[in-house]
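**Q** Below is one structure. I have some questions about it.
Protein chains in written order, with the working numbering: chain A, 1 to 123; chain B, 124 to 246; chain C, 247 to 369; chain D, 370 to 492.
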């Protein structure tokens, strides 16, 4: 299969609620970057986080193997530091091979969960 | 009418919950690729699924007749194999004529359904 | 102000639930094409609907005045015929001047409403 | 880091419900333009609002500092005048440096909140 996608993706809306309802981990409030690597090479990805009132943090390094998808929860990022909860952020995702990125959030702060998604901005 | 669209579409976010609430089939948790074929020819479409930790599966073959729309539920795909539930996936949708693809999910795991949609990524 | 947008827009996902909950008209289940005309001329718009198993219907004619927005409910289309409820459809929106189109649905079939939106596909 | 984005963004769907449920300010019904400025210069942004039946209002002036994100609630705009509630609107967002804009709404009119998001239209 041909390799599809772009090397740079941006999600301007980021916010992980600090609490949720329902069985974990499915109903933990979470924010996800769904990444698809259709290429025949491993994707070496660097994520930089931007905030309202402090300097950017990163890079967070993520690997997505050839011809695999990874639905990356921002909640799981640990290095260089966890993503702060209840805090506005945005991110730039840069890869060494073309990938496709879609942004999703499940918000379970109230009894019934809410969902949002969009294909990210790319260049 | 002019023919609109592109021949390749990608949805990076895929996940079909294994359960739901409410009357079926409207409130069965489902994931849909809404496909529009404005051309005057039958669209012969091949879908390939990508996973986190196994090789891609496909092609799934789908026909959308000339000047028709098909709201394809991934739940209904059977050949070469059903789409696994509660499992992250992504997909590449390739057509022999231009089409337009929009991705929608209805999640009815909790008492009140949640919805998401986005125009898919295209090349 | 400069004129922004494109002349052709496509929404592949269309479905108006036949019932809803909550005070009307805000909580009537509805599907909307939000149209913005930034130009200094009246936008003369034609909408064609596509279905799963019958020929396209249209054009539905809509006017959006210069420098105005119109949040058009598909529920309100009457001529040549109302949009059938509980039925999959898709649409092509063609304008004589550039416009921007965003697709939104409010689904109030259950006690708590659900929302979806996406910028439409354009050419 | 390279500067990413475009200088003009459009959100065709705008509507701020006049009431909500749940603890404020998180669960106040609100509409947000999430703006990311990856450049090394301050972004000077002008927002113009469009309505159904009156002339455009603006510009609203907003600053997003270099390498910062701002999740701007339309509810908070005050000058030249507050955004009317329960009223359809649309907006054009123009910046002197490239930015990325994503549109989100939290609707808390009913007991359980609903969410929508999309990357805005750009030129």
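All residues carry an ideal CB built from backbone N, CA and C; glycine is no exception.
At 8 Å on the CB atoms, spell out the chain D contacts of residue 241 (chain B), in chain order.
**A** Sequence index remark: in the second chain, residue 241 (chain B) carries index 118 (1-based). Going along chain D in sequence order, the residues near residue 241 (chain B) (Cβ under 8 Å) are 487.
**Q** How long is the line joining the alpha carbons of residue 425 (chain D) and residue 314 (chain C), rounded to whole angstroms?
**A** In the fourth chain, the residue the question calls residue 425 (chain D) occupies position 56. In the third chain, the residue the question calls residue 314 (chain C) occupies position 68. In a straight line, the C-alpha of residue 425 (chain D) is about 8 Å away from that of residue 314 (chain C).
**Q** Less than 8 Å between the CB atoms is what I'm expecting for residue 37 (chain A) and residue 64 (chain A), so what's the real figure, rounded?
**A** Mapped onto the first chain, residue 37 (chain A) falls at position 37. Mapped onto the first chain, residue 64 (chain A) falls at position 64. With 8 Å as the limit, residue 37 (chain A) and residue 64 (chain A) qualify as a contact, their Cβ atoms being about 4 Å apart.
**Q** Check the Cβ-Cβ distances between residue 421 (chain D) and every residue of chain C, and say whether any is below 9 Å.
**A** Numbered from its first residue, the fourth chain carries residue 421 (chain D) at position 52. True, the Cβ-Cβ gap to chain C drops below 9 Å.
**Q** Please name the residue in C:316, C:362 and C:292 whose C-alpha comes closest to that of residue 306 (chain C).
**A** Numbered from 1 along the third chain, position 60 holds the residue referred to as residue 306 (chain C). With distances taken between Cα atoms, residue 306 (chain C) lies closest to C:292.
**Q** Along chain C, which residues have their Cβ under 9 Å away from the Cβ of residue 379 (chain D)?
**A** Sequence index remark: in the fourth chain, residue 379 (chain D) carries index 10 (1-based). Here the neighbours are 250, 251, 282, 284, 346, 348 and 365.
**Q** Please report the straight-line C-alpha distance between residue 58 (chain A) and residue 80 (chain A), rounded to a whole angstrom.
**A** Mapped onto the first chain, residue 58 (chain A) falls at position 58. Mapped onto the first chain, residue 80 (chain A) falls at position 80. Cα to Cα, the separation comes out at about 6 Å.
**Q** Relative to the alpha-carbon of residue 32 (chain A), which residue among B:224, B:211, B:222 and B:216 has its alpha-carbon at the smallest distance?
**A** Residue numbering aside, residue 32 (chain A) sits at position 32 when the first chain is read from its first letter. Nearest of B:224, B:211, B:222 and B:216 to residue 32 (chain A), Cα basis: B:211.
**Q** When the Cα atoms are used, what is the spatial distance from residue 411 (chain D) to residue 435 (chain D)?
**A** Against the fourth chain, residue 411 (chain D) aligns to sequence position 42. Against the fourth chain, residue 435 (chain D) aligns to sequence position 66. Each residue's Cα considered, the two are about 5 Å apart.
**Q** Name the two residues that bound the continuous beta strand (DSSP E) containing residue 427 (chain D).
**A** For the purposes of this step, residue 427 (chain D) is taken as residue 58 along the fourth chain, with counting starting at 1. It spans 426 to 433 - the beta strand (DSSP E) in which residue 427 (chain D) sits, taken as one unbroken run.
**Q** Do you know whose CA, among B:126, B:138, B:132 and B:171, lies nearest residue 207 (chain B)'s CA?
**A** The sequence position of residue 207 (chain B) within the second chain is 84, counting from 1. Of the listed residues, the one whose Cα sits closest to residue 207 (chain B) is B:138.
**Q** Select from C:369, C:365 and C:345 the residue whose C-alpha is nearest the C-alpha of residue 316 (chain C).
**A** Here residue 316 (chain C) is taken as the residue at index 70 of the third chain, counted from 1. Nearest C-alpha to residue 316 (chain C): C:345.
**Q** Since residue 137 (chain B) sits in a beta bridge, which residues does DSSP pair it with?
**A** Reading the second chain from its first residue, position 14 is the one you call residue 137 (chain B). BP columns for residue 137 (chain B) point to B:212.
**Q** Taking a Cβ distance cut-off of 8 Å, strictly less, list which residues of the segment 169 to 202 of chain B are near chain A, in chain order.
**A** Listed by position along the chain: 171, 173, 174, 175, 176, 178 and 179.
**Q** Distance check for residue 238 (chain B) and residue 364 (chain C), CA to CA, integer angstroms please.
**A** Here the question's residue 364 (chain C) lines up with position 118 in the third chain. Here the question's residue 238 (chain B) lines up with position 115 in the second chain. Between residue 364 (chain C) and residue 238 (chain B), the C-alpha separation is close to 12 Å.
**Q** Should residue 369 (chain C) and residue 157 (chain B) be called a contact, given that it needs their Cβ atoms to be closer than 9 Å?
**A** In the third chain, the residue the question calls residue 369 (chain C) occupies position 123. In the second chain, the residue the question calls residue 157 (chain B) occupies position 34. No, the Cβ-Cβ distance between residue 369 (chain C) and residue 157 (chain B) is not below 9 Å.
**Q** List the DSSP bridge partners of residue 418 (chain D).
**A** Taking the fourth chain and counting its residues from 1, one reaches residue 418 (chain D) at position 49. Its beta-bridge partners are D:426 and D:460.
**Q** Buried or exposed for residue 217 (chain B), please, with buried defined as at least 16 other CB atoms from any protein chain shown within 10 angstroms of its CB.
**A** Position 94 of the second chain holds residue 217 (chain B). Buried.
**Q** Considering only their Cβ atoms, is the gap separating residue 250 (chain C) from residue 377 (chain D) smaller than 9 Å?
**A** By one-based count along the fourth chain, residue 377 (chain D) stands at place 8. By one-based count along the third chain, residue 250 (chain C) stands at place 4. Contact: yes.
**Q** Just mark residue 39 (chain A) as buried or exposed, buried being the case when its beta carbon has 16 or more other beta carbons within 10 Å.
**A** Counting from 1 along the first chain, the entry for residue 39 (chain A) is found at position 39. With 16 or more other Cβ atoms within 10 Å, it is buried.
**Q** For a contact meaning CB atoms closer than 9 Å, what does residue 279 (chain C) contact in chain F?
**A** Absent from the structure: chain F. Protein chains present are A, B, C and D.
**Q** Compute the distance between the beta-carbons of residue 92 (chain A) and residue 50 (chain A), then report whether it is under 9 Å.
**A** For the purposes of this step, residue 92 (chain A) is identified with residue 92 of the first chain, where counting begins at 1. For the purposes of this step, residue 50 (chain A) is identified with residue 50 of the first chain, where counting begins at 1. Contact: yes.
**Q** Check each candidate in C:290, C:294, C:252 and C:347 and name the one with the smallest Cα separation from residue 336 (chain C).
**A** Here the question's residue 336 (chain C) lines up with position 90 in the third chain. Of the listed residues, the one whose Cα sits closest to residue 336 (chain C) is C:294.
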